[in-house]
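Peer 1:
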Amino acid sequence: MKGLHNLILLVVCGWIYAAAAAPTNSIAQHNPAKWSKAIAVFEASDSTNAPPRGGIVFSGSSYIRRWTSLAEDFPGLPVVNRGFGGCELADVYAYADRIIIPYAPREVVIYAGGNDINAGKSPEVVFGDFIVLMTKLRAALPKAKLVFISCPPSPKRWAQTEKIKTVNGLIADYCQTHDISFVNTFPLMLGADGLPKPEIYGDDHLHMNATGYAIWRAAVKPYLQ
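Residue numbering for the sequence shown follows numbering that gives the first Met the number 0, beginning at 0 and increasing consecutively.
#1: In whole angstroms, give me the CA-to-CA distance for A103 and E123.
#2: Is it the case that the Cβ atoms of I63 and G82 are separated by a distance below 8 Å?
#3: Do you know offhand how far D178's Cα is from L145's?
#4: Could you name the residues of the same chain whose beta carbon sits closer than 7 Å to that of R216, not counting the 5 residues immediately before and after it, in chain order?
#5: Here's the rule: buried if 16 or more other CB atoms are within 10 angstroms of the residue's CB, otherwise exposed. What is R156?
#6: D128 and I26: beta carbons closer than 8 Å?
#7: What are the partner residues of P195, as DSSP defines its beta bridges?
#8: So V182 packs on I148, CB below 8 Å; how close in whole Å?
#9: What's the gap between the Cα of R52 and the Cα of V91?
Written out as structure tokens, the structure reads:
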């Protein structure tokens, strides 16, 4: 009886520890409805011209959506762009069942998180959302390679840089121990002065131009298969 009691105690303590250690996330409170039309557009396209199964799906926020040169940047690879607007990680989670998982991709490349910080979420909550998303993708696509592109710096949101660094650090550490590739583009986008390179951003000082995407292309290419 004493041994059984100790075993039960260990299990209960383990549950308590896991609950305490698990990062808070915003999935339950987040409303992804504003992206429903964008997702419907993807699905309408899929109904007549579905992407090949076993491809490489890129998804996430506007840095992905605006990467219109994906096919030219990675010739010979079956890349599919499913980026949508100013989405957050919780939005990618909400719609993964419709614009990522159905394609049975061999690889999934995600970038999101900057909009989350801009919306007022703490780095810890953004990290929690990242974990929930990656857990969902891993469960649905156990053989797929998962890749995450780091949250970038930008002149417009430079005041948020320390939070971005914290998010990147948390995610990088997690990826290292969970078989997820982390592409750290953050330092590549900074000049010798430690500030964002102005020549890689568009007029809004937030999104990248072709010069910026050339940096991302070179950084991401080694992770594609």
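Don't be surprised by glycine CBs; every beta carbon is placed ideally from N, CA and C.
Note that the structure is predicted; figures quoted are calculated from it, not measured.
Peer 2: Based on what the coordinates show:
#1: Indexing the sequence shown from 1 puts residue 103 at position 104. Indexing the sequence shown from 1 puts residue 123 at position 124. Spanning the two alpha carbons is a distance of roughly 30 Å.
#2: Position 64 of the sequence shown holds residue 63. Position 83 of the sequence shown holds residue 82. Result yes, Cβ atoms of I63 and G82 sit closer than 8 Å.
#3: As a working note, residue 178 is residue 179 in the sequence shown. As a working note, residue 145 is residue 146 in the sequence shown. Going by the C-alpha atoms only, they are around 8 Å apart.
#4: On the sequence shown, residue 216 is found 217 positions in, with the first residue counted as 1. Within the same chain, R216 has close Cβ partners D72.
#5: Start at 1 with the first residue of the sequence shown, and residue 156 comes out as number 157. The residue in question, R156, is buried, as its Cβ has 16 or more Cβ neighbours within 10 Å.
#6: Taking the sequence shown and counting its residues from 1, one reaches residue 128 at position 129. Taking the sequence shown and counting its residues from 1, one reaches residue 26 at position 27. Yes, they are a contact pair.
#7: The count along the sequence shown starts at 1 and reaches residue 195 at position 196. According to DSSP, which records beta bridges pairwise, P195 is partnered with L189.
#8: In the sequence shown, counting from the first residue as 1, residue 182 sits at position 183. In the sequence shown, counting from the first residue as 1, residue 148 sits at position 149. Indeed, because the Cβ distance is near 5 Å, the residues count as touching under 8 Å.
#9: On the sequence shown, residue 52 is found 53 positions in, with the first residue counted as 1. On the sequence shown, residue 91 is found 92 positions in, with the first residue counted as 1. Answer to the nearest angstrom: the Cα atoms are 19 Å apart.
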